[in-house]
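Asks:
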Amino acid sequence: MEAWEKVLVDRAKFLEQDVHAQIGCIECHGGTPETDDKSRAHEGMVAKAGANPQQACGGCHKDYALAAQANVHRLLNGYQDVLKQRGADFTDPTLTQAYGNHCTSCHADCGDCHISRPAGLGGGLLTGHKVKRMGSVWLTCGGCHSARIADDYRGNHEGIPGDVHWEKKGMICTTCHDTQDYHAPGHGNRYTGEPSPACVDCHEDVRPGDGIEQHDEEHLDKLACQVCHSVGAYKSCFGCHTGIDDKGLKYFTTEPSQMTFKIGLNPLQSEERPWQWVLLRHAPATSDLFGFYGEDLLPNFDAVPTWKYTTPHNIRAQTPQNVTCNACHGQEDLFLLETDVDPILRAANRSVIVPRDRVPQYLPDYPAPAEREEGP
C-alpha cells in the first residue's frame, strides 16, 4: 500500500456515500473545530478513535462497544496470563516497561477491522476511510493471523496444499467464525471454553460406525481431528529477543521460522478438549525474552510449555498420515520426542513431550507406509 493510500480520506467513497461521514470528524476523533490553526485544531484529537470503542462507536453500536471492552481481540489477557505463569511481576516497572514496549501492539480495536488494516500490518485506511461492515478478510483477519493461519489456509507454503474448505468451497474466515466470535467478551484466549467452531458443528455424521475404520471410539476419544486431518507441516517460530537500539527505537528479533508437524500430549486436556493426542506448534518465547531490560524477569519460565496446543488451518480428508494405519503408527518422526526439543527447553515442555514407549506401535497386519497413496 502506498503511503498516500494509507491516509487518504476519499471524497466519493466516504464523504459522499458513508453514513458515518454525516456524523462529522469531531464526534469520533475529537479535536478543536473553532480554529483554522493546525496545532490548535489538533488539540484533544484522537487519531485512532476505535481505541476507545464506547466513546467512538458506542453511541450507535452500544452492545458491540460494550462487548469489545472485554474482547480477546482488544485485550491482551492471554499474553498476561502466560507471562504471569512464568513469573512475570506486573508491579515491577522494569517488566512493565518491557511488556509495554513489545507486547501491546498486536491488539485490535474497532477500526482495525472496519476502517483500516491492523497496526501490525503497517496500518492504512482500507478504502479511503469508508467504514465497512466486513472488510477483506485477507487484509483484516489475515493481517494479524497471517503466517500461522492465512498462509496455511490458502496453501502458500511450497509443497503443502491449502485447506479443503478454501480450495473446494471458497469458505472465508467469517463462514465459520461469526460476529459473536469476534465481539464476544470474556475469553482469556482463543482456546477458552468449548471449541468454537468445532468440526462436528458441520460434520455431524462423524461417529463410530460411520463406515470409516479410524472413526472408532478409540481414535475419536483420544485424537483431536487435526492430528489425522492436517495435511502437512505448519509454521513454528523460535527465539524471540527484544530491546532498544542506539537510536532509541524498540525492536524484536526472531530466529528463522521452521515448518513443523508434531503430535504431542495435550497441554489443555479438559472436559472441552479431552483428547490425549493433539498437534503442537512452537511459540518463540525464550527465558531471556526481556533480557535487554533486566535479569530473571521470567523466573518461572519452565512453568509453561513453548510447544503449544494448535489447530492448523490446513485440513483435508485424506492426508499423508491417515492413508494407512502405519503411516502414523510406529512413525516416531511425527511425534514430539525429547530429542526434538532444545535441551534448555525440555523442562518447560516435559508435559507435552512424547516418551518413545508411548508412540503408537507399528501394526504388522496393516499396509506399510511405503504402500500408501499420497494424499491430495
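Our numbering puts the sequence shown at residues 7 to 382.
Virtual Cβ for every residue (Gly too), placed ideally from N, Cα, C.
Owing to the predicted nature of the structure, the values given are computational and were not obtained by experimental measurement.
Would you call glutamine 232 buried or exposed, if buried means 16 or more other Cβ atoms sit within 10 Å of its Cβ?
Replies: Glutamine 232 should be labelled buried.
Asks: Would you mind sorting lysine 253 into buried or exposed? The rule is 16 or more other CB atoms within 10 Å of its CB.
Replies: By the neighbour-count rule (16 or more Cβ atoms within 10 Å), lysine 253 is not buried but exposed.
Asks: Is tyrosine 241 helix, strand or coil by DSSP?
Replies: A small fix is needed here, since residue 241 is lysine in this sequence, not tyrosine. Residue state, collapsed to three classes: strand.
Asks: What do you reckon, are the CB atoms on leucine 274 and leucine 342 nearer than 7 Å?
Replies: Going by C-beta atoms, leucine 274 is not nearer than 7 Å to leucine 342.
Asks: Does proline 203 come out as helix, strand or coil in the three-state DSSP assignment?
Replies: Proline 203: coil per DSSP, three-state reduction.
Asks: Suppose the cutoff is 7 Å on Cβ atoms and the five residues either side in sequence are ignored; what does the same chain contact list for phenylalanine 144 look like?
Replies: This sequence places tryptophan at residue 144; phenylalanine is not what is there. Here the set comprises Ala156.
Asks: In the DSSP assignment, find the unbroken alpha helix (DSSP H) run with histidine 120 in it and report its ends.
Replies: It spans 116-120 - the alpha helix (DSSP H) in which histidine 120 sits, taken as one unbroken run.
Asks: To the nearest whole angstrom, what separates the beta carbons of alanine 114 and arginine 80, a pair I think is in contact under 8 Å?
Replies: Rounded, the Cβ-Cβ distance is 6 Å, consistent with contact.
Asks: Find the nearest neighbour of leucine 304 within the set Asp184, Asp222, Tyr70, Val88, judged by alpha-carbon distance.
Replies: The shortest C-alpha separation from leucine 304 is found at Val88.
Asks: Examine the Cβ distances between the stretch 317-329 and the stretch 236-245 and report whether three or more of them are shorter than 8 Å.
Replies: Touching, yes, given that three or more Cβ pairs across the two stretches are closer than 8 Å.
Asks: How about proline 311 and alanine 354: are their beta carbons less than 7 Å apart?
Replies: Closer than 7 Å, so yes.
Asks: Tell me which residue opens and which closes the beta strand (DSSP E) that histidine 288 is part of.
Replies: Where histidine 288 is concerned, the enclosing beta strand (DSSP E) stretches over 283-288.
Asks: Restricting to Cα atoms, I'd like to know which of Gly56, Thr133, Asn83, Tyr240 is closest to arginine 17.
Replies: Among Gly56, Thr133, Asn83, Tyr240, the Cα nearest to that of arginine 17 is on Thr133.
Asks: Could you check whether glycine 249 and threonine 260 sit closer than 7 Å to each other, using their CB atoms as the reference points?
Replies: No, these two residues do not count as a Cβ contact at 7 Å.
Asks: For the stretch 207-260, list the beta strand (DSSP E) runs that are entirely contained and at least 3 residues long, ordered along the chain.
Replies: You should have 240-250.
Asks: Could you work out which residue in Asn195, Gly194, Thr146, Val206 is closest to isoleucine 178 when comparing CA atoms only?
Replies: If we check each option's Cα against that of isoleucine 178, Thr146 comes out closest.
Asks: Can you give me the start and stop residues for the alpha helix (DSSP H) that lysine 138 sits inside?
Replies: Looking at the DSSP string, lysine 138 is not in any alpha helix (DSSP H), and its letter there is neither H nor E.
Asks: Since asparagine 37 and alanine 47 should fall inside the 8 Å C-beta cutoff, what is the C-beta to C-beta distance between them, to a whole number of angstroms?
Replies: In the sequence as displayed, the identity of residue 37 is glycine instead of asparagine. Correct: roughly 6 Å between the Cβ atoms.
Asks: To the nearest angstrom, how far is it from the Cα of glycine 129 to the Cα of histidine 151?
Replies: Roughly 15 Å separates the two Cα atoms.
Asks: Assign glutamate 230 to buried or exposed, taking buried as 16 or more other Cβ atoms, counted over all protein chains shown, within 10 Å of its Cβ.
Replies: It should be noted that the sequence gives alanine, not glutamate, for residue 230. Flag for alanine 230 reads buried.
Asks: Could you tell me which uninterrupted beta strand (DSSP E) segments, each at least 3 residues in length, are contained entirely in the stretch 38-99, listed from first to last along the chain?
Replies: None, since the stretch 38-99 contains no complete beta strand (DSSP E) of that length.
Asks: Can you name the start and end residues of the alpha helix (DSSP H) that isoleucine 32 belongs to?
Replies: Start and end: 31-35.
Asks: Tell me the DSSP secondary structure of glutamate 380 in three-state form.
Replies: Caution applies to glutamate 380, whose pLDDT of 45 falls short of 50 and renders its modelled position unreliable; the value that the coordinates give is listed next. In the structure shown, glutamate 380 sits in coil (DSSP, three-state: anything other than H, G, I, E or B).
Asks: Buried or exposed, going by whether 16 or more other CB atoms sit within 10 Å of the CB of tryptophan 10?
Replies: Exposed, because fewer than 16 other Cβ atoms sit within 10 Å of the Cβ of tryptophan 10.
Asks: Rounded to whole angstroms, what's the CA-CA distance from valine 360 to isoleucine 218? Just pull it up for me.
Replies: Taking the straight line joining both Cα atoms gives about 27 Å.
Asks: Using DSSP with H/G/I as helix, E/B as strand and the rest coil, what is proline 191?
Replies: Note: proline 191 maps to strand in three-state DSSP.
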